[in-house]
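Engineer:
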Amino acid sequence: MRILLVSDIHANWPALAAIDEPHDVCLCLGDLVDYGPDPARCVRWAMEHASYAVRGNHDHGVAQGIPVTGENSFRYLTRVTRPHMWDALDAGERRWLLQLPVTQRVTLGQKRFLLVHATPRDPLDEYLLRDEAGWARRLENVEADIVCVGHSHMQFKLKIGDKIVINPGSVGLPRDGDPRAAYAVIDDDRIELKRTAYPVEETLARIDAAPWPQRAKDMMSHVLRVGRLPAAPPERPTSTTGADPGDAEIDPEDAPIPV
Numbered sequence: 001m002r003i004l005l006v007s008d009i010h011a012n013w014p015a016l017a018a019i020d021e022p023h024d025v026c027l028c029l030g031d032l033v034d035y036g037p038d039p040a041r042c043v044r045w046a047m048e049h050a051s052y053a054v055r056g057n058h059d060h061g062v063a064q065g066i067p068v069t070g071e072n073s074f075r076y077l078t079r080v081t082r083p084h085m086w087d088a089l090d091a092g093e094r095r096w097l098l099q100l101p102v103t104q105r106v107t108l109g110q111k112r113f114l115l116v117h118a119t120p121r122d123p124l125d126e127y128l129l130r131d132e133a134g135w136a137r138r139l140e141n142v143e144a145d146i147v148c149v150g151h152s153h154m155q156f157k158l159k160i161g162d163k164i165v166i167n168p169g170s171v172g173l174p175r176d177g178d179p180r181a182a183y184a185v186i187d188d189d190r191i192e193l194k195r196t197a198y199p200v201e202e203t204l205a206r207i208d209a210a211p212w213p214q215r216a217k218d219m220m221s222h223v224l225r226v227g228r229l230p231a232a233p234p235e236r237p238t239s240t241t242g243a244d245p246g247d248a249e250i251d252p253e254d255a256p257i258p259v
């Protein structure tokens, strides 16, 4: 059985369309929306092609109509682009995002899979990178052979005891210094972390045509071309009113990224 694993598409249709992998099952780990210019096409693709999918924190915020405050980094980009998501998605697409489970368990080819966007402890918001000790604590009492996660936009796989953790990275907005679309393929017992180039100029042209501030367009152009934003101190808002779920002090999207 050949399984395609995708996450963090972020409304970047050319990146998603560039993934041309034969597969029997597609697993989608959330965050189809925010940042990019084509949320409806990405959501519709998932509705039609994802065999199993879970809700990401950005899917939750868009479907619930939650505004975001902030002027720094990815929080600023979320604030600027989210109204476009509301305008671009129809009621059925927003309803589909909202009905997505935050965790999904499925058995494929005699392997037990757990799908979450972030971590089993906090499926929407917790930010955890390639940290073996941290994942070992979060996998205690988790009954699964393969745990599939996204959220950090950082591609990795870890063997933790008798379990495997896979983060396929971000299709639409990589943050690890490689701007190519990231995804993973599981073919029986073989796990491949893969990248593919895509026509980024198509995405940038759509962004340039959007009614967004020039600052947001410039930031998106940089991250799409380079694979990360310039380092900046995270903002500490005085209030969490209107923030994404779990954004108590620092948005996990703005957490420091090791190079």
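Residue numbers (full-length UniProt numbering): 1 to 259.
Heads up, the beta-carbon is just placed ideally off N, CA and C, and yes, glycines get one too.
Source: prediction; values computed, not measured.
(1) My assumption, with CB atoms under 8 Å, is that L29 sits in contact with V54. Please give the rounded CB distance.
(2) Applying the criterion that 16 or more other CB atoms from any shown protein chain within 10 Å of the CB defines a buried residue, is N12 buried or exposed?
(3) Hey, how far is the Cα of V80 from the Cα of V33?
(4) Return helix, strand or coil for N12, following the three-state DSSP convention.
(5) Using CA coordinates, which residue listed in T203, G92, S7 and N141 is at the minimum distance from G56?
(6) Given S170, which residues of its chain have a CB within under 6 Å of its CB, disregarding the five upstream and five downstream residues?
(7) Just mark T103 as buried or exposed, buried being the case when its beta carbon has 16 or more other beta carbons within 10 Å.
(8) Figure out for me which residue from H10, N72 and A197 has the closest Cα to the Cα of A46.
(9) Specify whether the region 172-192 and the region 211-226 touch according to this definition: at least 3 beta carbon pairs, one from each stretch, less than 8 Å apart.
(10) Could you pull out every residue in the same chain whose Cβ sits closer than 6 Å to the Cβ of L129, ignoring the five residues on either side in sequence?
(11) Where do the N-terminal and C-terminal ends of the beta strand (DSSP E) with L4 fall, by residue?
(12) Considering Q104, what are the terminal residues of the beta strand (DSSP E) in which it resides?
(13) How long is the line joining the alpha carbons of F74 and P211, rounded to whole angstroms?
(14) Give, in chain order, every unbroken run of the beta strand (DSSP E) that is at least 3 residues long and sits entirely within the region 37-73.
(15) Roughly how many angstroms separate the alpha carbons of N141 and R121, rounded to a whole number?
(16) What are the start and end residues of the beta strand (DSSP E) that includes A184?
(17) State the Cα-Cα distance for the pair D20 and P168, rounded to the nearest angstrom.
Structural biologist: According to the structure data:
(1) 6 Å
(2) buried
(3) 13 Å
(4) Coil.
(5) S7
(6) D8, H153 and A182
(7) T103 comes out exposed.
(8) H10
(9) yes
(10) S152 and M154
(11) Looking at the DSSP string, the run of the beta strand (DSSP E) that includes L4 is R2 to V6.
(12) T103 to L108
(13) 18 Å
(14) none
(15) 11 Å
(16) Residues A181 to D187.
(17) 15 Å
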